[in-house]
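*Asks:* Residue numbers (my numbering), protein chains in the order written: chain D, 1 to 347; chain F, 1 to 347.
Each residue gets a CB set at the ideal place from its N, CA and C atoms; glycine is no exception.
There are 2 protein chains.
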Amino acid sequence: MKGIRQLAEHLDISIGTVSRALNGKPDVNEETRRRVLATAEQLGYVANQSGRSLRQGETKVIGLMIESGQETVENADNFFLGVTSGLQSVFARHKLDLLMLPCPGDEDPCEYLKRMVARRVVDAMIISNTLRIDRRVDLLSRAKIPFVAVGRSLSADNFPWIDLDFEGVAERAVERLVARGHRRIAITAPSSDVNLGYVFVESYRRTLERLGVPFDPLLVIRVKSSEQGGYQAAHELLQLEDRPTAVILIYELMAIGLYRRLMESGIRIGRDLAVIGFRDAPRARFLQPSLSCFRMSLYDLGIALGQILLANMPAHRASYPDGGRNIIWPLELVPGESDAFEIGAPA
Amino acid sequence: MKGIRQLAEHLDISIGTVSRALNGKPDVNEETRRRVLATAEQLGYVANQSGRSLRQGETKVIGLMIESGQETVENADNFFLGVTSGLQSVFARHKLDLLMLPCPGDEDPCEYLKRMVARRVVDAMIISNTLRIDRRVDLLSRAKIPFVAVGRSLSADNFPWIDLDFEGVAERAVERLVARGHRRIAITAPSSDVNLGYVFVESYRRTLERLGVPFDPLLVIRVKSSEQGGYQAAHELLQLEDRPTAVILIYELMAIGLYRRLMESGIRIGRDLAVIGFRDAPRARFLQPSLSCFRMSLYDLGIALGQILLANMPAHRASYPDGGRNIIWPLELVPGESDAFEIGAPA
DNA sequence: CTGAAAGCGCTTACAG
DNA sequence: CTGAAAGCGCTTACAG
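#1: Between which two residues does the beta strand (DSSP E) carrying ALA189 of chain F extend?
#2: What three-state label does DSSP hand MET296 of chain F in the structure shown?
#3: Could you have a look at ASN326 of chain D and say whether DSSP puts it in helix, strand or coil?
#4: Given that a residue counts as buried once 16 or more other Cβ atoms are within 10 Å of its Cβ, and exposed if not, what is ILE133 of chain D?
#5: Name the chain D residues that come within less than 8 angstroms of PHE286 of chain F, Cβ to Cβ?
#6: On the CB-based measure, 16 or more other CB atoms within 10 Å of its CB, does ARG152 of chain F come out buried or exposed?
#7: Once you ignore the five residues that flank PHE200 of chain D on each side, which residues in its own chain have a CB closer than 7 angstroms to its CB?
#8: So the alpha helix (DSSP H) ARG206 of chain D belongs to, where does it begin and stop?
#9: List the residues of chain D whose Cβ lies closer than 8 angstroms to the Cβ of ARG120 of chain F, in chain order.
#10: Leaving out the 5 sequence neighbours to the left and right, which residues in its chain are closer than 8 angstroms to ILE343 of chain D when beta-carbon positions are compared?
#11: Strictly below 8 angstroms CB to CB, what residues from chain F border LEU98 of chain D?
#12: Are the region 231-240 of chain F and the region 261-278 of chain F touching, with three or more C-beta to C-beta distances below 8 angstroms?
#13: Rounded to the nearest angstrom, what separates PHE80 of chain F and SER68 of chain D at their Cα positions?
#14: Check the Cβ of ARG93 of chain D against every Cβ in chain F and list those closer than 8 angstroms, keeping chain order.
#15: Would you list the residues sitting across from ARG222 of chain F in a DSSP beta bridge?
#16: The alpha helix (DSSP H) with PHE159 of chain D in it runs from where to where?
#17: Determine, using beta carbons only, whether MET100 of chain D and MET100 of chain F come nearer to each other than 9 angstroms.
#18: Consider the Cβ of LYS224 of chain F: report whether some Cβ of chain D lies at a distance smaller than 9 angstroms.
#19: Exposed or buried, ARG295 of chain D, counting other C-beta atoms within 10 Å across all chains shown (16 or more means buried)?
#20: DSSP state of MET313 of chain D, grouped into three classes?
#21: Whole angstroms are fine: how far does the CA of ALA21 of chain D sit from the CA of ASP27 of chain D?
#22: Here's the rule I'm using: 16 or more other beta-carbon atoms within 10 Å means buried, otherwise exposed. How should ASP157 of chain D be labelled?
#23: Cβ atoms of ASN195 of chain D and LEU154 of chain D: under 9 angstroms apart, would you say?
#24: Rounded to a whole number of angstroms, what is the C-alpha to C-alpha distance between GLY270 of chain F and LEU177 of chain D?
#25: Below 8 angstroms between beta carbons is the criterion; list the residues of the region 162-188 of chain D that meet it against any residue of chain F, in chain order.
#26: For LYS2 of chain F, is the classification buried or exposed, using 16 other Cβ atoms within 10 angstroms of its Cβ as the cut-off for buried?
#27: Verify the CB distance criterion: does TYR45 of chain D have a CB-CB separation below 9 angstroms to chain F?
#28: Quick check: the Cα distance between SER297 of chain D and ILE187 of chain D, rounded to an integer number of angstroms?
#29: Express the C-alpha separation of ALA173 of chain D and TRP329 of chain F in angstroms, rounding to a whole number.
The following block contains the structure:
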């Protein structure tokens, strides 16, 4: 089956009527519609998207940008795949398709995004991993492409985003550790300019001060957000004079590398050192002793992201009247054994 | 900047000349070309893809289909993200963009593929996780869409694919274990109809027979290809009378669950039971004792996939004259401690 | 070397 | 309720 023209000829009616029947327009005889739908199904006709897009000015495609550099990939978690299901459940109701746009590692993310947006392959974008200063946010704002970001940024002061509750996580982790007698609490932070690092460390600092524990900048360990970064963090931690009795991690896979390095040096996690991890990744569930960490539903996050995005698309806004623009996404503490001891208590 | 018309008006030349200049056609005055390129850059003009696609009958987009059901996702590894970089490095040379098409968990993969193909959003497809009988292979063959599959299938007898060397892996694993005195060797296999399961178990059976070790169907443990599946496999293994002394795994994450269950029951891996894992996943590197497993480069696999695909696209065939259609992708054994003992040797 | 025109496949006012 | 026609943005023979 080629195009609508062949289908129309086959049915011996005009292409206009075929189009109206296929698109569920009301002014079509029911009998005609049935014939059209049946024949289209039988011949496997589906409208060419380029033709539709050109005429309608929209592609019915939402893009999810991900970064696929080789290094990123080695340590990538399934964050995006997890979010995808939730997003699709929302988009399906509007007959929108989600495509993932993997930015090559050797291409500037902003250039890549610009190219994709200018080519008009998508109607709207989801971006993530937002930097503190992120030109993509400006780009999308200026181009008036509907978008939503996973992560805040300083680049524009009023754009749609959802961010994980890094403040809350750092705050509760610090409170929990201080309550157990810890005074020397280290924290890991990403070495990149990603915005969450600032938020995380800042909340850690504030909470310490509120609880009357001095903030020591030496205890902020900047490493890559990866398993290797966790290994490195443990390594640096072991070098510190007046070694900390606790450490708070920021990225789920860090725990794996950190555990490995600590075990190598004979440190007993949950006895000699308290560890609180960030997100409860499936692949960190095996850790012994079990990791105290924070949990969230990627699926639900995907739903929320989808709703915010649609609320910002002219064609769908009406369906989401209460579409909040910004959400701080809460995480729930899952207590484990990795921080289950009190400083000064008998071993 | 809107379309080519505005750009042409701005330059005060015809849209035809603008188009030719932008597309690098030879019959354009160099001075004119410079002006056009400079102005396009300055105004941020990029050709609307729908217009191009409609006119040229091709989208310059290659689709990589992945399955994004919630369950799949929980256990998904980074296989695809890893392959993506290699694919892109090949496609970039031809100005082709790679998009990932995540099939929703509640949609039939074949219907999804049919829809995407019929809408003509991509010029060619990469599919994976091929089933023993896979309608997608028929669909793509009949629709004459260039494609390449990761994994063989019985559905068509001559289509482009690359498959991991499951035969070789099973064969070498069995040989290695038999050489160390094992006679009761269990193997895991996926519970689904995915083709690799058949290949893997069949090679295991043949190798056992060649080495004079009886094949016992009870030692083929069918479980989900996931961490949980590994846990389950260990569980079933422990129930077997005349318990096996070795087990061969098929999916990288299985090792994690398997280790956990074995540790719970006090079995010493590498002493009481030999384990050989499948692929060397980053997140399995922490396992203690270290896992004997097989290694491959996802990046190189991506390159090979890209080349085979292009060799099957009329527009690019000429660049890949020796584009082999099928490749069995080798894996290299990485010896670890998990099988480092001989049956009958003093403990 | 450049311009004018056709046409890719569709949807949608507009007439009837 | 249906058909004929315009036009979305582009590329490409075809004239000149």
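*Replies:* Answer, in terms of the structure:
#1: Counting along the chain, the beta strand (DSSP E) containing ALA189 of chain F begins and ends at 185-190.
#2: MET296 of chain F: coil per DSSP, three-state reduction.
#3: ASN326 of chain D falls in the strand class under three-state DSSP.
#4: Looking at its Cβ environment, which holds fewer than 16 other Cβ atoms inside 10 Å, ILE133 of chain D is exposed.
#5: Simply GLU227, ILE256, GLY257, TYR259 and ARG260.
#6: Looking at its Cβ environment, which holds 16 or more other Cβ atoms inside 10 Å, ARG152 of chain F is buried.
#7: The answer, listed in chain order, is PHE166, ALA170, ALA189 and ILE250.
#8: 195-210 is the span of the alpha helix (DSSP H), which, as asked, contains ARG206 of chain D.
#9: Here the neighbours are ASN48, GLN49 and SER50.
#10: Cβ neighbours of ILE343 of chain D beyond the five flanking positions: ARG180, GLY181, HIS182, ARG183 and THR245.
#11: Within 8 angstroms Cβ-Cβ: PRO102.
#12: Taking 8 angstroms as the limit for Cβ pairs, the verdict is that the region 261-278 of chain F does touch the region 231-240 of chain F.
#13: The alpha-carbon atoms of PHE80 of chain F and SER68 of chain D are separated by roughly 10 angstroms.
#14: None at all; the shortest Cβ gap to chain F is about 12 angstroms.
#15: DSSP output for ARG222 of chain F lists F:ALA189 as bridge partner(s).
#16: Boundaries cannot be given for PHE159 of chain D, as no alpha helix (DSSP H) includes it and DSSP labels it neither H nor E.
#17: Cβ atoms of MET100 of chain D and MET100 of chain F: closer than 9 angstroms.
#18: No, its Cβ sits nowhere closer than 9 angstroms to a Cβ of chain D.
#19: Within 10 angstroms of the beta-carbon of ARG295 of chain D lie fewer than 16 other beta-carbons, which makes it exposed.
#20: The answer is coil: DSSP assigns MET313 of chain D none of H, G, I, E or B.
#21: Computed Cα separation, rounded: 8 angstroms.
#22: It counts as exposed.
#23: For the 9 angstroms CB-CB criterion, LEU154 of chain D and ASN195 of chain D form a contact.
#24: C-alpha separation (whole angstroms): 38 angstroms.
#25: Per Cβ criterion, the list is empty.
#26: Per the 10 Å Cβ criterion, exposed.
#27: Judged by the 9 angstroms Cβ criterion, TYR45 of chain D is in contact with chain F.
#28: Near 24 angstroms, if we compare the C-alpha coordinates of ILE187 of chain D and SER297 of chain D.
#29: Rounded to the nearest angstrom, the gap between the Cα atoms of TRP329 of chain F and ALA173 of chain D is 46 angstroms.
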